[in-house]
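Notes for the one structure printed next.
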Amino acid sequence: MHPLLSSRSRLALYLVAWLPLAGMLAALLTLAGGLSLAEAVSLSVPLSAVYAFVCGSSWYLCRVLPFRPSGVARVVGTFAAAAAIGGFLWVLLLGTLASLLDLVPAFAGLPDRLSRASGVVLLMGTLLYLLVAAFNWALLAQEAAGERERRELVVAAQARAAELKALRDQLDPHFLFNALNSISALTVSDPEKAREMCALLAEFLRKTLGLSDRASIPLEEELSLVRSYLAVEQIRFGERLRVELAVDEDARECGVPPLLLQPLVENAVKHGVSRRVAGGTVRLTARRREALLEIAVENPAGEAQPSPGPGIGLGNVRRRLSTVYGEAASVTVRRPEGLFRVELLLPAGADAA
36 MHPLLSSRSR
46 LALYLVAWLP
56 LAGMLAALLT
66 LAGGLSLAEA
76 VSLSVPLSAV
86 YAFVCGSSWY
96 LCRVLPFRPS
106 GVARVVGTFA
116 AAAAIGGFLW
126 VLLLGTLASL
136 LDLVPAFAGL
146 PDRLSRASGV
156 VLLMGTLLYL
166 LVAAFNWALL
176 AQEAAGERER
186 RELVVAAQAR
196 AAELKALRDQ
206 LDPHFLFNAL
216 NSISALTVSD
226 PEKAREMCAL
236 LAEFLRKTLG
246 LSDRASIPLE
256 EELSLVRSYL
266 AVEQIRFGER
276 LRVELAVDED
286 ARECGVPPLL
296 LQPLVENAVK
306 HGVSRRVAGG
316 TVRLTARRRE
326 ALLEIAVENP
336 AGEAQPSPGP
346 GIGLGNVRRR
356 LSTVYGEAAS
366 VTVRRPEGLF
376 RVELLLPAGA
386 DAA
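Going by our numbering, the letters in the sequence shown line up with residues 36 to 388, in that order.
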């Protein structure tokens, strides 16, 4: 549907815009044709109202023949012909209206007086058609650009969602592989602990159900997942694994991507506990700094941290934060004496739903 016909207010605005053009035509008829002001106005106002729709129809031609550099000659030729036809139609309408008014005694002889201005009127009608066509081209070009932008945004959003899903899907098999290895080892050395570990693993997996459909969860819920994971590892390492959590109250409801911290805590256990005879302490802190959420995971530094192998860990966290927040989030690795510390800085945003 023509955009002018889809809205009454838009159509009214378009017709009002033709009033100055009707005034120009009246002035032209008065100066070039010697018509009185009453005669000129009686011709120009109804004629402009009708011709507004004639020129408006160029929108359909603009849709069929969009302006492209490769087809300039064809487009120019087509619109030149259409403008000429529009100009002749403009003159024909003017002559028809003048003949009708000639029936009124006050306008007797109007067609004869009008003939002196026919050439100028033809030129004006042609130029008006081209002017409206150019305006329609601009509207269609803007509409096409907006549609392209919308398509690009949809494609980008779909790609972003696919990337996030791929990154998130990496976590489950990775964690399960490590957990099942631990359970397998315990079935020989301590079957009772193996059963307990199976129950804790089932509890962890229960909490992860439905996370794939959520873009964000409260930090408190993420910490619950971390506690469940550490409970599984506590069975394996016993007193060698010590945990400290220090989370500010105003940070607990901040939204974070699901399972964001689990790979960091897993790396901390792997490098800061499993490779040390005395074990170590995994410390997790979180606080809100105005519009930012700061999270840190710290553990004793191992001999080779992080592992150069094909693990997920930091790379996964970096990619997820970059995909979700862009440059608004960062991952920083620090190595204070005897420690390995990963700091996450991300927008606190609104509380997670």
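For each residue, glycine too, the CB sits at the ideal point set by N, CA and C.
> What runs of the alpha helix (DSSP H), each 4 residues or longer, lie entirely inside the segment 221-306?
Replying inline: 226-243, 254-272, 297-304
> Whole-angstrom Cβ separation of Asn171 and Trp94, contact assumed at under 8 Å?
Replying inline: 4 Å
> With 16 as the cutoff for other CB atoms within 10 Å, does Asn368 come out buried or exposed?
Replying inline: Looking at the sequence shown, residue 368 is not Asn but Val. It counts as exposed.
>> Taking a contact to mean a Cβ-Cβ separation below 8 Å, would you say Phe375 touches Ala313 in this structure?
In response: no
> Taking Cβ to Cβ, would you say Leu64 is nearer than 8 Å to Leu78?
Replying inline: yes
>> Taking the alpha carbon of Leu381 as the reference point, which residue from Asp225, Leu295, Val155, Leu136 has its own alpha carbon closest?
In response: Leu295
> From which residue to which residue does the alpha helix (DSSP H) around Pro55 run?
Replying inline: 54-68
>> Just to confirm my understanding: we take Leu50, look at its own chain, exclude 5 residues before and 5 after, and list those with CB closer than 7 Å. What are they?
In response: Ala84, Ala87
> Can you tell me where the alpha helix (DSSP H) with Gly350 in it begins and where it stops?
Replying inline: 348-360
> Roughly how many angstroms separate the alpha carbons of Leu163 and Ala169, rounded to a whole number?
Replying inline: For the pair Leu163 and Ala169, the Cα-to-Cα distance works out to about 10 Å.
> Contact between the segment 297-309 and the segment 348-368: three or more CB pairs below 8 Å?
Replying inline: yes
> Going by C-alpha distance, which of Thr131, Ser259, Ala331, Leu158 is nearest Leu145?
Replying inline: Selected option, being the one with the closest Cα: Thr131.
>> Out of Glu274, Leu100, Gly160, Val139, which one is the CA nearest neighbour of Leu128?
In response: Gly160
> Quick one: what's got a C-beta closer than 7 Å to Leu124's C-beta in the same chain, skipping five residues either side?
Replying inline: Val89
> Using CA coordinates, which residue listed in Glu268, Phe239, Arg98, Val366 is at the minimum distance from Ala173?
Replying inline: Arg98
> Between which two residues does the beta strand (DSSP E) containing Ala133 stretch?
Replying inline: First-last for Ala133: 107-136, but that is the alpha helix (DSSP H), not the beta strand (DSSP E).
> When the Cα atoms are used, what is the spatial distance from Lys305 to Asp285?
Replying inline: 30 Å
> Do three or more CB pairs link the segment 103-122 to the segment 134-152 at distances below 8 Å?
Replying inline: Output reads no: the segment 134-152 does not touch the segment 103-122.
>> Considering just the uninterrupted stretch of the alpha helix (DSSP H) at Glu74, what are its terminal residues?
In response: Per DSSP, the unbroken alpha helix (DSSP H) holding Glu74 starts and ends at 72-91.
> In chain order, what residues of the same chain have a beta carbon less than 8 Å from the beta carbon of Ile218, not counting five sequence neighbours either side?
Replying inline: Ala229, Met232, Cys233, Leu236
> Can you give the Cα-Cα distance for Ser251 and Pro292, rounded to whole angstroms?
Replying inline: 5 Å
> By Cβ distance below 7 Å, which residues in the same chain neighbour Ala266 in space, the five residues on each side in sequence not counted?
Replying inline: Leu235
> Which one of Val80, Glu333, Leu280 has the shortest CA to CA distance from Ala57?
Replying inline: Val80
> For Arg310, which residues does DSSP report across the bridge?
Replying inline: Arg310 pairs with nothing; no bridge assigned.
> Quick one: Cα of Ala264 to Cα of Pro38, how far?
Replying inline: Position check: residue 264 holds Tyr in this sequence, whereas Ala was assumed. Rounded to the nearest angstrom, the two C-alpha atoms are 59 Å apart.
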